[in-house]
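Take a look at the structure set out below.
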Ligand SMILES: [Fe+2]
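In this note's numbering, the protein residues as written are 2 to 467.
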């Protein structure tokens, strides 16, 4: 429960105010003198001081000066509640950082609103008032200074400098000024970095609907016509600032959520990558002689994709598809996969079935349907004599044509159960000879270039277990 210290030497007024605040569930302590006020503040913490100006033993303004000088209590939030209508009192109250200046007798709504505002008051916001009339600027300072820090500028140029340097929370702008007029100033403010959405409220004596429409169209948040009623103007400024704070906190929330979603997506992508890698590892683990085959094929396919100027996204996709091209081997008996001698025709058929088995496994992954493409068609030949569907030429998906070249290069450049790795020149000739028959000629040419650049035959890596 928030605590309010109420200081008033008028018993009746004290009683009424206390009743209203107690009803609103504030904890209220009432005192009638300046001395008691200071003693209470020093004795206990209060969230708000509601202070009369004319007290029997003291003047409220002088009392607030004293409070501001005392390090223990100087930050006490203060609202004046008084019959005084002296301009000097009000100006001085503002200078001393009072949050409001309410006239007695105050309506309960006014009192409650003021207390609520004061209690929830952030650090005083800064408003930049722009007007070429010094009298208008003085009046603005007096009226809005009660709640806000007011900075002033008497021309458009000065206003732009202030905005750039001080970044106020709101600009109160005169429409008609010599030189740069209000609309131009607003347009220039919008160009300043970080000020694209800075609230601008126009103040003008103009009385025609067209001007009003033009101002709103240009992006002003509000329009206050002079002469205005002080409380109304204060309320409108407050609403504009509240709206701005609301927008800012919504934007923060959106940013926070977006970041969380991005992080989540990143985690999911990482997880998919790990699952794919684990799956590829399972295939390779079945055959010690082809250990590392899947990841080597994926590396070669990735390098070819880069050389084909594929986008980052496509490169990642091709890498994943290549990693899983032999996943169907999971379903083939170990005795056939690891058989050192020649395969019987039945066994060969069984081995060939790894393309369709892989396709069946991968097509169920609805998130990445293209994963299955590499598994099914990487043994197709460009001349149409491959398996399982005898597809030819560009009918064979491009990624499968890439994997086909990478797969054959690895098969020849690594040790197998029935032979050692072939010399690089022989591998090169096989690929050269296969151009247009087994391989897509353009894709094979890319591999030939990679072989030619690999003068030490290092590209194949550690074929014994990479
Ligand atoms: Fe294969």
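The beta-carbon is built from N, C-alpha and C at its ideal position, and this holds for glycine as well.
If you're wondering where the values come from, they're calculated on a predicted model, not measured in any experiment.
- Contact annotation, residue 324 with residue 277: C-beta distance approximately 6 Å; criterion of less than 8 Å satisfied.
- Taken in chain order, the unbroken stretches of alpha helix (DSSP H) that lie wholly in the stretch 273–329 and span 4 residues or more are 294–308 and 313–324.
- At least one heavy atom of ligand 1 falls within 7 Å of the beta-carbon of residue 408.
- Shown here for residue 385: same chain residues with a beta carbon closer than 8 Å to its own, the five before and five after excluded, namely 391, 392, 393 and 394 in chain order.
- Using a Cβ distance threshold of 8 Å, residue 171 and residue 241 count as a contacting pair.
- Secondary structure at residue 207: coil, using DSSP grouped into helix, strand and coil.
- By the neighbour-count definition (other C-beta atoms within 10 Å, threshold 16), residue 163 is a buried residue.
- Along the stretch 169–207, the alpha helix (DSSP H) occurs as fully enclosed runs of 4 or more residues at 183–191, listed in sequence order.
- Per DSSP, reduced to three states, the secondary structure at residue 49 is strand.
- Non-local beta-carbon contacts of residue 103 in its own chain, meaning distances under 8 Å to residues more than five positions away in sequence, involve 80, 81, 82, 83, 111, 112 and 115 in chain order.
- With a contact defined as Cβ atoms closer than 8 Å, residue 31 and residue 7 qualify at about 5 Å.
- Here the alpha carbon of residue 366 sits roughly 30 Å from the alpha carbon of residue 448.
- The beta carbons of residue 147 and residue 101 sit about 6 Å from each other, so the pair counts as a contact at 8 Å.
- Annotation for residue 231: 144 place their beta carbon closer than 7 Å to its own, counting only its chain and skipping 5 residues before and after.
- Nearest to residue 200 by alpha-carbon distance, out of 340, 359, 86 and 244, is 244.
- From the listed residues 313, 283 and 165, the smallest Cα separation to residue 326 is found for 283.
- Straight across, the Cα-Cα distance linking residue 239 with residue 13 is about 32 Å.
- Straight through space, the alpha carbons of residue 57 and residue 49 are spaced by roughly 21 Å.
- Residue state for residue 339 is assigned as coil, using DSSP reduced to three classes.
- Here residue 226 is bridged, per DSSP, to 205.
- Linking residue 294 to residue 355 through their CA atoms gives a straight-line distance of about 15 Å.
- For residue 331, the closest C-alpha among the options 315, 425 and 285 is that of 285.
- In the same chain as residue 264, and ignoring 5 residues on each side of it, no C-beta atom comes closer than 7 Å to its own.
- Look at residue 300: its beta carbon is at least 7 Å from all of the heavy atoms in ligand 1.
- Short note on residue 361: C-beta not closer than 7 Å to any heavy atom of ligand 1.
- Residue 292 counts as buried, since no fewer than 16 other beta carbons sit within 10 angstroms of its beta carbon.
- For residue 197, the closest alpha carbon among the candidates 182, 204, 179 and 169 is that of 169.
- According to the DSSP assignment, residue 428 belongs to the alpha helix (DSSP H) that extends over 425–435.
- Beyond the five residues adjoining it in sequence on each side, residue 370 comes within less than 7 Å, by CB distance, of 364 in the same chain, given in chain order.
- With respect to the 8 Å criterion, residue 444 and residue 403 are classified as neighbours on the basis of their beta carbons.
- Scanning its chain for C-beta atoms nearer than 6 Å, with the 5 sequence neighbours on each side dropped, one finds around residue 29 the residues 5, 7, 19, 22 and 23, in chain order.
- In its chain, beyond the 5 residues on either side, 333 and 337 have a beta carbon closer than 7 Å to the beta carbon of residue 351.
- For residue 268 and residue 377, the gap between their C-alpha atoms comes out near 29 Å.
- Looking at the backbone, the Cα of residue 297 and that of residue 261 are separated by about 35 Å.
- With a threshold of 7 Å, the Cβ atom of residue 327 counts as near ligand 1, since some heavy atom of the ligand is closer than that.
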